[in-house]
Amino acid sequence: MAMIRSFLPLAALLASPLSAQETPATPPVSYDDAVGCAFIAMGFVMRDDLSPEKKKAAGALGTRYVEYARSLSGKSTEEVVDEMAAAAKPILAEAQQHARPAKRFDARYADCESKARLF
0 MAMIRSFLPL AALLASPLSA QETPATPPVS YDDAVGCAFI AMGFVMRDDL SPEKKKAAGA
60 LGTRYVEYAR SLSGKSTEEV VDEMAAAAKP ILAEAQQHAR PAKRFDARYA DCESKARLF
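Residues 0 to 118 (numbering that gives the first Met the number 0) make up the sequence shown, in order.
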């Protein structure tokens, strides 16, 4: 009888549906989006046409995205920065396809600002 009682918790766990078991939640912003947004924000820091306040805000946003990407992946800051460099080429190529690349880059930055509210 004591042996049966020891197996009851295991039996209850095995009988529970898979959907009731814990599954990792989908992050509100994907790792790739976080890396891309970090690159875009850091690009804003280097622009000459922005105020110091806007550059400071962009730097803070970029740092926040780097930290978020690190938390999602477990990678080091250096690894995330390397992946930001790799993300640069497709982001810049996509912006260059538009009639006004700077406007497209600004729109991507605004999108990154709104996504940052999700985490």
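The beta carbon of each residue, even a glycine, is placed where N, CA and C say it ideally should be.
Excluding its 5 nearest sequence neighbours in each direction, Ala37 has C-beta neighbours in its own chain below 6 Å: Gly61, Tyr64, Val65 and Met83, listed in chain order. Listed in chain order, the non-local C-beta contacts of Ile39 below 6 Å within the same chain comprise Arg107, Tyr108 and Cys111, local neighbours out to five positions each way being set aside.
Distance from the Cα of Gly58 is smallest, within the candidate group Arg116, Phe43, Arg69 and Ala24, for Phe43. Taking C-beta atoms as the reference points, Ala24 and Leu71 fail to come closer than 8 Å. In the same chain as Ser75, and ignoring 5 residues on each side of it, the C-beta atoms closer than 8 Å to its own belong to Arg69, in chain order.
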